[in-house]
Amino acid sequence: MQVTVHSFSFGCTVHYEELNQRLQRYYQGDAITGLLLLYPTCMLHVIESSSEVLVSLLQDLRDMQEQPHCVLIEAPRVLVMSHDLPSRLFQQWSYKVLNVPARVGGMLSRDGLEKEEEEDTDTLVSTALSMLLKLGNHLLKATKGSKMPLGSVLDAVPEMIVPQDILVQLLSRGDLLSPQQYLQAYHTPLHILMDSGHAFGSSQLTTV
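Counting in this note's numbering, the sequence shown runs from 4 upward without gaps.
As structure tokens, then:
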């Protein structure tokens with residue numbers, strides 16, 4: 004599973020539909036499922052597929068970001084990348100344009116009051132992923148054997164959708180990796196010196 008957040012233009016839906024089709028033809032047998040949520044100011048993209056497909060999607064994000072006049076994607080950040088999921092949450096890939104109010108200022112707490120202090124990045128990521136997991140489980144149950152459109156199911160549970168405020172804050176966090184930074188780390192060999200417990204390719208000491 005791959006979860007990314009970034010600013011966008013609405014032409015990106017066509018881009019991802021075409022990209023998914025190309026990847027499906029190239030990686031035959033590796034189904035691509037997931038959900039693209041389009042907010043007024045940003046987007047949240049969940050993709051489920053093989054490691055090769057997930058890396059290809061990150062490479063596409065990196066390539067778009069490196070284009071001098073790219074207007075589709077801006078400042079993408081990787082929230083999570085998992086290569087070993089026991090099961091999928093989504094039956095197909097789809098997208099939904101959300102009609103939520105764009106807010107300016109602090110985040111809202113659960114009781115609707117604005118928080119004065121920002122949450123740390125780990126808390127924000129954990130909250131977003133927890134909500135995505137609950138939303139995915141709900142969609143899996145609600146759409147199984149049902150002809151109800153996915154958009155209608157999402158409209159019925161706005162409280163399960165990750166708030167835009169959380170995503171806006173995550174976009175400003177420098178400690179989240181960009182696709183380029185993630186790919187650089189992904190392709191960097193990890194050499195472990197057993198005597199010292201130091202992992203080369205990392206600036207931190209690890210305990211062995």
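Backbone N, C-alpha and C fix where the C-beta goes; we use that ideal spot for every residue, glycine too.
- Sequence-distant partners of VAL128 (beyond 5 residues in either direction) whose C-beta falls short of 6 Å from its own C-beta, in its chain, are LEU82.
- Counting C-beta pairs with one atom in each stretch, the segment 134-150 and the segment 16-34 have fewer than three that are closer than 8 Å, which means they do not touch.
- With a cut-off of 8 Å on Cβ pairs, the segment 76-90 is in contact with the segment 128-137, counting three or more such pairs.
- Within the DSSP secondary-structure output, VAL8 pairs in a beta bridge with LEU47, ARG80.
- Shown here for GLY154: same chain residues with a beta carbon closer than 8 Å to its own, the five before and five after excluded, namely LYS99 in chain order.
- Contact check between the segment 161-175 and the segment 38-46: three or more CB pairs, one atom from each, fall below 8 Å, which counts as touching.
- Secondary structure at GLY177: coil, using DSSP grouped into helix, strand and coil.
- Contact between VAL56 and ILE35 holds: their C-beta atoms lie close to 6 Å from each other, under 8 Å.
- THR36 is bridged by DSSP to GLU51.
- In the DSSP assignment, VAL100 falls within the unbroken beta strand (DSSP E) covering 96-100.
- In the structure shown, LEU26 falls within a helical segment according to DSSP collapsed to helix, strand and coil.
- Remark: C-beta atoms of VAL49 and LEU61 do not approach each other more closely than 9 Å.
- Here LEU75 is buried, its C-beta having at least 16 other C-beta atoms within 10 Å.
- Here LEU47 is buried, its C-beta having at least 16 other C-beta atoms within 10 Å.
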